[in-house]
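This note's numbering puts the first residue of the sequence shown at 348, with every later residue one more than the last.
Here a beta-carbon is modelled for each residue, glycine too, at the ideal position from N, C-alpha and C.
Let me begin by presenting the structure, written as structure tokens, before commenting on it.
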Amino acid sequence: MNWSTKIQVPKYLSQQWDKAAEKGEVGKIAIGKKQGKTEVCFSLSDELIALDAVGENDASLEVPKDHPFTMHPVGGQTMAVFSHSNTDEISLEGMVVHRAECRPVVTDSYMKLKNFNTEFGSKMEYEKKKKTEGKMVRAERQLVLDMLFSAFEKHQYYNIKALVDITKQPVTYLKEIMREIGTYNSKGVHKSTWELKPEYRHYQSDEEEMQTT
């Protein structure tokens, strides 16, 4: 039996893959070691970086090329990979033992594309859904992650009330996600606030900057 990794990718990246030729190359995965830890990075093919591949005409927008993986254990869940043949036969291909999040390297061009998609696309879609149902509802996890990462790119610390105002999500659902990607400060100068875990940051924390200097 094979052991597999479940990979979560940004929406725009899956859309890029859909536009690839039937037998074309979508990119390459590089696997290496750094300080004893395995590092995995996906590089999108040059053909799919073209702006027309994402349906945007703004020449100042660029599609990210490099996407490092953040690896996590599955943690108490049992997941499997199945294949479905033309004869309706279902086969077990393997068990999922790792979960990976594929995120782009944070650059100025990526931030511009991300802000464009998040602020004008994701929020409009959510607001439309919210008005239809007339109450605060749980948005898709990836949408909430996009809004959270976008917020933490502006400030390092947020209290839960501020995050609720930004994402318009129920507190319990938001805390569930923040426990996975963030750290809660229960004391000190930033008491009662959340910040991203080191592996999700695009900046150095105050403590890390002091150690560096």
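Between Ile-524 and Lys-544, the C-beta gap is not smaller than 9 Å, which leaves the two residues out of contact. For Tyr-531, the beta-bridge partners assigned by DSSP are Trp-541. Contact between Asn-506 and Ser-533 does not hold, since the beta-carbon distance rounds to 12 Å and is not under 8 Å.
The beta carbon of Phe-429 sits closer than 8 Å to those of Ile-437, Ser-438, Leu-439 and Glu-440, all from its chain and outside the five residues before and after it, given in chain order. Put simply, the backbone Cα of Tyr-547 is about 11 Å away from that of Val-453. For Asp-413, there is no enclosing alpha helix (DSSP H); the residue is part of the beta strand (DSSP E) that begins and ends at 413-420. Looking at the DSSP output, Ser-361 sits in no beta bridge, so it has no partner there. Taking His-419 as reference, the option from Tyr-457, Thr-385, Pro-411 and Ala-368 with the minimal CA-CA separation is Thr-385. Closest option to Phe-416, judged by alpha-carbon separation, among Met-426, Lys-380, Ile-396 and Asn-433: Lys-380.
Here the alpha carbon of Val-443 sits roughly 11 Å from the alpha carbon of Gly-423. If you draw a straight line from the Cα of Val-511 to the Cα of Pro-517, it comes to about 7 Å.
In the structure shown, the three-state DSSP call for Tyr-504 is coil. Val-410 places its beta carbon less than 9 Å from that of Leu-460. Distance from Pro-451 to His-414 at the Cβ level is roughly 5 Å; contact confirmed, criterion being Cβ atoms closer than 8 Å.
Distance from the CA of Val-373 to the CA of Lys-515, rounded to the nearest whole angstrom, comes to 35 Å.
By the CB criterion at 9 Å, Tyr-504 and His-549 fall outside the cutoff.
Residue pairing from DSSP leaves Ile-396 without any beta-bridge partner. Ranking His-445, Leu-360 and Asn-462 by CA distance to the CA of Leu-395 puts Leu-360 first. Across the structure, Met-426 and His-445 are spaced so that their CA atoms are roughly 10 Å apart.
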